[in-house]
Amino acid sequence: MNQFQYARPSKQKTAIEAIAKDPNAQFIAGGTNLIDLMKRGVMAPEKLIDINRLPLRKIEKENNGVRIGALALNSVVAEDKLILERHPLLAQALKSGASAQLRNMATVGGNMMQRTRCPYFYDTAMPCNKREPGTGCGAMEGFNRMHAIFGFSDKCIAVNPSDMNVALVALDASVLVAGPKGERRIPFIEFHRLPGDNPEVHTNLQKGELILSVDIPDGPYTKHVHYLKVRERASFAFALVSVAAALDIDGSTIKSARLAMGGVAHKPWRLTEAEKTLVGKPVSEASFQQAAEVAMRGAKAFEHNAFKLILGPNSIVQALKTAAGIA
Amino acid sequence: MADDKHCGGASEEQHSCSKHNEARRDFLKHSSLLTALALTPSAAVKAAENSWDEKLAEKFEQVRVTLNINGEKNKLSIEPRVTLLDLLREQLNLTGTKKGCDYGQCGACTVHVDGERINSCLTFAVMLEGKKITTIEGLADGTDLHPMQAAFIKHDGFQCGYCTPGQIMSAVACIREGHANSEEEVREYMSGNICRCGAYPNIVNAILEVKNGGQKV
């Protein structure tokens, strides 16, 4: 591993100043992805700013919603009373991610900032436009079983690996960040980006900005929710496809729905058109099939991931049925 | 001269040996020059960084930290890039904690920090100042095995034993967290610990017995 400078500020301002002036500096919180990448030589920050002493761990009620501090641990959020009561979808997604040990280390902000697990990104002997712009994409014509079916570009077909992100994008969360010029709020759906021509940029967080919290507005999605994760073993594996489904049901009619997919795109993939088709429909497999069909419009597979074109809609239907209690 | 003696043998050999020595001396000269360059901290950077109100370790600096491990305070000098796992094994001779994958995927390195299980391979030791670290060596009460250790022996919860310290540390935490209420739950919450011998059924039995026995873990 490369050597680096290490600093441990206890003030937000100091942390932001430290990162803003140094292009090769990185924040470190849980370190579960960063240390992994540093060991493999994928990342080699010159300086690590340890932000664990900043007071950003609280989970609290705030302005018709819940505010989750950026340093709240994944395991803590997943078992938090307020989260279980108001946003059980998020708790389910978090529990499906990683292992108990990793969830005890990983923070909410760090989970958002984690990098793709594309094997070409991880293997420094391979070409990868995300790791080394201009070297090409090894996955495009290589092993692309885990890769995107939506929103990819001719530069990158990697997917965002997070489960938490899928639930947060479905729940209309937003992200509060602070930078040298002050605070700003980013809708969660705009936090991560599509690869386009510069896949090396994986979020819209600007240089020098620190994530302070993720805020989720209160909503009706407290009961009929389900996070379905399909993976190659029963636990502790990244999703091939995952679905976050939330329904507001009145009698047997769907009042509103929230739907998002993981493992299919460079960012957590919100399915707003499919959500719209569900409004006013009866709770039935036919309604869910129709939504799944709409959701999959525009999907395109590569050599090894064509199964996602079938697994995707099936997972959507299954997640919605489970959320509605008719599985 | 000592080197020549070490080469020993016939004159031809001696000749080639001294040639090697010349090459080696050249190499050493070059490499020590490189080392010297690498060890020079950038004065400008240092001056700017020292204005921070907080602790800062330069790239090549050994940082002094005090770490509480198994109830003992250890005053240490470590580089910031040293993981807790490497510190335990290489500097403190606490080799009970195992290095399996070194990437957080196998769980062999599981230890407790402030009572919570973590992967010590993905943790820089310097970040743990002020925390309470417990390793497998700190689990037993003197010569009395921890109930989980005893249960692993009773149920044959291992074959080669390499994953066992991590399994046991994880298993203790699993019960403390309240995630050992059924076989299914134990399997889910123990998924961060891989056993290549496949002792899973016995590991699950050991954990459930300790849980259902109601002993304090």
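Residue numbers (our numbering), protein chains in the order written: chain B, 1 to 327; chain F, 328 to 544. Note that beta-carbon positions come from the ideal geometry of N, C-alpha and C, so glycine has one too. Since this is a predicted model, take the numbers as computed values, not measurements.
Under 7 Å Cβ-Cβ, which residues of chain F neighbour F4/B? Residue 4/B sits at position 4 when you count from the first residue of the first sequence. What F4/B touches in chain F: K386, P407, R408.
Name the one or two DSSP bridge partners that P127/B has. Numbered from its first residue, the first sequence carries residue 127/B at position 127. Per DSSP, P127/B has no beta-bridge partner at all.
Pick out the complete beta strand (DSSP E) segments inside the stretch 11-38 of chain B, 3 residues or longer, and give them in chain order. Within the stretch 11-38 of chain B, the complete beta strand (DSSP E) runs of at least 3 residues are 25-28.
For the stretch 438-525 of chain F, list the beta strand (DSSP E) runs that are entirely contained and at least 3 residues long, ordered along the chain. Here the runs fully enclosed are 443-446, 459-461.
Mind checking T367/F: buried by the 16 CB within 10 Å criterion, or exposed? Along the second sequence, one-based indexing puts residue 367/F at 40. At T367/F, the pLDDT of 38 sits below 50, so the modelled position is not reliable; the number obtained from the coordinates is stated separately. Exposed, because fewer than 16 other Cβ atoms sit within 10 Å of the Cβ of T367/F.
Could you please give me the residues that DSSP links to M261/B through a beta bridge? Here residue 261/B refers to the residue found at position 261 of the first sequence. In the DSSP output, where bridge partners are listed per residue, M261/B has V243/B, W269/B.
Sequence-distant residues of its chain with Cβ nearer than 8 Å to L309/B (five each side left out): Stepping through the first sequence from its first residue, residue 309/B is reached at position 309. The beta carbon of L309/B lies closer than 8 Å to those of I149, M296, A299, A301 in the same chain, with the five residues before and after it left out.
So, using beta-carbon positions, are P199/B and K255/B closer together than 8 Å? Against the first sequence, residue 199/B aligns to sequence position 199. Against the first sequence, residue 255/B aligns to sequence position 255. Going by C-beta atoms, P199/B is not nearer than 8 Å to K255/B.
R103/B - DSSP class collapsed to helix/strand/coil: Taking the first residue of the first sequence as position 1, residue 103/B is located at position 103. Helix.
Could one say the Cβ of A295/B lies closer than 8 Å to chain F's Cβ atoms, at least one of them? On the first sequence, position 295 is the one that residue 295/B refers to. It does not: the Cβ of A295/B has no partner Cβ on chain F nearer than 8 Å.
Can you tell me the Cα-Cα spacing of L71/B and L210/B, whole angstroms? Here the question's residue 71/B lines up with position 71 in the first sequence. Here the question's residue 210/B lines up with position 210 in the first sequence. Spanning the alpha carbons of L71/B and L210/B requires a straight line of approximately 11 Å.
Give me, in chain order, the residues of the same chain whose beta-carbon lies closer than 7 Å to that of I157/B; leave out the 5 immediate sequence neighbours on both sides. Numbered from 1 along the first sequence, position 157 holds the residue referred to as residue 157/B. These residues qualify, in order along the chain: C137, A139, M140, N144, H147, A148, F302.
With distance defined between alpha-carbon atoms, name the residue in P127/B, R184/B, C118/B nearest to S162/B. On the first sequence, residue 162/B is found 162 positions in, with the first residue counted as 1. Looking at the Cα atoms, C118/B is the closest of the given residues.
Nonlocal neighbours in the same chain, by C-beta distance under 6 Å from Q5/B, ignoring five residues either side: Counting from one through the first sequence, the residue named residue 5/B turns up at place 5. Once the five neighbours on either side are set aside, the close Cβ partners of Q5/B are K47.
Within the present structure, is the beta-carbon of K207/B separated from the nearest heavy atom of the ligand COA by less than 7 Å? With respect to the ligand COA, the structure shown offers nothing to examine, as it has no ligands at all.
In chain order, what residues of the stretch 92-117 of chain B put their CB closer than 8 Å to some CB of chain F? For the stretch 92-117 of chain B, the set of positions with a beta-carbon nearer than 8 Å to some beta-carbon of chain F reads A98, S99, A100, Q101, L102, N104, M105 in chain order.
What residue range is occupied by the uninterrupted alpha helix (DSSP H) comprising R86/B? Walking along the first sequence from the start, residue 86/B turns up at place 86. Looking at the DSSP string, the run of the alpha helix (DSSP H) that includes R86/B is 81-86.
Let me confirm a value: F387/F is counted as buried when at least 16 other C-beta atoms fall within 10 Å, else exposed. Which label applies? The sequence position of residue 387/F within the second sequence is 60, counting from 1. F387/F comes out exposed.
Determine, for C501/F, whether the minimum Cβ-Cβ distance to residues of chain B falls below 8 Å. Start at 1 with the first residue of the second sequence, and residue 501/F comes out as number 174. By the rule that beta-carbons nearer than 8 Å mark a contact, C501/F touches chain B.
Considering only their Cβ atoms, is the gap separating R444/F from A478/F smaller than 8 Å? Against the second sequence, residue 478/F aligns to sequence position 151. Against the second sequence, residue 444/F aligns to sequence position 117. Taking a C-beta distance under 8 Å as the contact criterion, A478/F and R444/F do not qualify as a contact pair.
Please identify, using Cβ separations under 7 Å, the residues of the stretch 236-258 of chain B that lie next to chain F, in order along the chain. Result list: F236.
Can you give the Cα-Cα distance for E464/F and N397/F, rounded to whole angstroms? Position 137 of the second sequence, counting from 1, holds the residue named residue 464/F. Position 70 of the second sequence, counting from 1, holds the residue named residue 397/F. Near 7 Å, if we compare the C-alpha coordinates of N397/F and E464/F.
Within the stretch 174-235 of chain B, note down every full beta strand (DSSP E) run reaching 3 residues or more, in order along the chain. You should have 174-179, 182-187, 210-217, 224-230.
Residue from D36/B, K207/B, I186/B whose Cα sits closest to the Cα of N24/B: To locate residue 24/B, count along the first sequence from 1; it is residue 24. Checking every option, the nearest Cα to that of N24/B belongs to K207/B.
Tell me whether E275/B is buried or exposed, calling it buried when 16 or more other Cβ atoms sit within 10 Å of its Cβ. Locating residue 275/B in the first sequence gives position 275, counting from the first residue. Classified as buried, E275/B has 16 or more neighbouring CB atoms from the shown chains inside 10 Å of its CB.
Can you pull the chain B residues whose beta carbon is under 7 Å from the beta carbon of M454/F, in chain order? One-based indexing of the second sequence puts residue 454/F at position 127. What M454/F touches in chain B, judged by beta-carbon distance under 7 Å, is D50, N52, going in chain order.
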